[in-house]
């Protein structure tokens, strides 16, 4: 790449020197008569250079594309991603065709219609047919692109199916926190940003019993293959953006404004390793919004696996309530019994003692009231 840059720099400097010398000659001859032969020679040289530049430019564009293609992402691992890719390449195809046609005409015309002695230029004050052609054709093409893009956007941003598996992903400087619904109810509990602290990164609200079996991870997100996945997205501090490149998933995480995105992953991690021939291949979730000095490190692994493997992995995880028993203090007294099976034995005993003491105090109060 360094050699290419040097070569291009040399070519650029050479062309710049040539342009300067030609301009100097023009300025020098501007004060007096100019020979017809010298004008003809200059035009022939410029016309030939136009054709050379056209050929070299087209070869360079084709080479650049072929060279860069090795870095392209493989086929998308989601249906909506393949649809997005189709629309992208459709747009690129139309733009590329227009680019080649217009530039070919530009340089060929510069050579074909160069100055020649005795030739007079034709002048068309108006040409309604030509104006109609270059107005209607681009309008039709643009209308097709806009309509197909709108349909794709409508479908991609529609409401998730009722059977979608729901996860929550929260961005903060500089990592992602994923919350999974527990295996007992497969429902995410409520949250409240006011409850966020060192023990409760997501602000999980334990007044909602659906939160008792939820568990979290800061290193990976496991999802089942061929099943709708709904990501509920939040940000704790600054603007972040959830980006899953191989799924063509991208959605901003905005503080104070929850967002969401749903998709279907139809290729497991193992299948992608076989397809790419790379045993170390792995999906990832990255942040694609510059969010501070540690932005480059803000990513976690995404593991796509079959339903049975995903269920087995989820059953091995411990609810946040089990790994952080300090959160038990946030459980209302009337829900302590339901939360007991998720708490360590000593914490359960402490909760039971608190309930017994509370009942005892209530009994004493009732006795005193009876005496009165």
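In the numbering used here, the protein residues as written are 63 to 434. Glycine residues also receive a C-beta, built at the ideal position from the N, C-alpha and C atoms.
For residue 325, which residues does DSSP report across the bridge?
291
Measuring CB to CB, does residue 159 end up less than 8 Å from residue 147?
no
Are the Cβ atoms of residue 245 and residue 376 separated by less than 8 Å?
yes
What's the call for residue 155, buried or exposed, on a 16-neighbour Cβ count within 10 Å?
exposed
Helix, strand or coil: how does DSSP classify residue 396 here?
In this structure, residue 396 counts as helix in the three-state DSSP scheme.
Counting pairs of beta carbons, one from the segment 336-356 and one from the segment 173-193, are three or more of them closer than 8 Å?
Contact fails: fewer than three Cβ-Cβ distances are below 8 Å.
Please report the Cβ distance between residue 228 and residue 289, rounded to the nearest whole angstrom; I am assuming they are in contact, meaning their Cβ atoms lie under 8 Å.
With a Cβ gap of about 11 Å, residue 228 and residue 289 do not count as contacting.
Proximity to residue 236 [Cα-Cα], best of 282, 354, 107, 254:
354
Quick check on residue 310: buried or exposed, where buried means 16 or more other Cβ atoms within 10 Å of its Cβ?
buried
State yes or no: is the C-beta of residue 365 within less than 8 Å of the C-beta of residue 284?
yes
Alpha helix (DSSP H) segment containing residue 4, residue limits
No information on residue 4 is available, as it lies outside the stretch 63 to 434 that the chain covers here.
Counting pairs of Cβ atoms below 8 Å between the segment 385-395 and the segment 331-341, do you hit three or more?
no
For residue 404, is the classification buried or exposed, using 16 other Cβ atoms within 10 angstroms of its Cβ as the cut-off for buried?
buried
Extent of the continuous alpha helix (DSSP H) to which residue 193 belongs:
190-218
Inter-residue Cα distance where the pair is residue 145 and residue 226
20 Å
Beta strand (DSSP E) segment containing residue 364, residue limits
361-367
Whole-number beta carbon distance between residue 400 and residue 277, since they are thought to touch under 8 Å:
At roughly 17 Å, the Cβ-Cβ gap does not stay under 8 Å, so residue 277 and residue 400 are not in contact.
Pairwise C-alpha distance: residue 150 and residue 223:
Roughly 26 Å separates the two Cα atoms.
Any chance the CB of residue 318 is under 7 Å from a heavy atom of the ligand SAM?
For the structure depicted, the ligand SAM is absent and the ligand set is empty, with no information on it obtainable.
Spatial neighbours of residue 169 within its chain, please: C-beta separation below 7 Å, excluding the five flanking residues on both sides.
112, 113, 115, 116
Under the three-state reduction of DSSP, which class applies to residue 182: helix, strand or coil?
Under the three-state reduction of DSSP output, residue 182 falls in the coil class, being neither helix nor strand.
Here's a check: name, in chain order, each residue in its chain whose Cβ is nearer than 6 Å to the Cβ of residue 280, leaving out the five neighbours to either side.
237, 239
Determine contact between the segment 325-337 and the segment 357-374, defined as no fewer than three beta-carbon pairs at a distance below 8 Å.
yes
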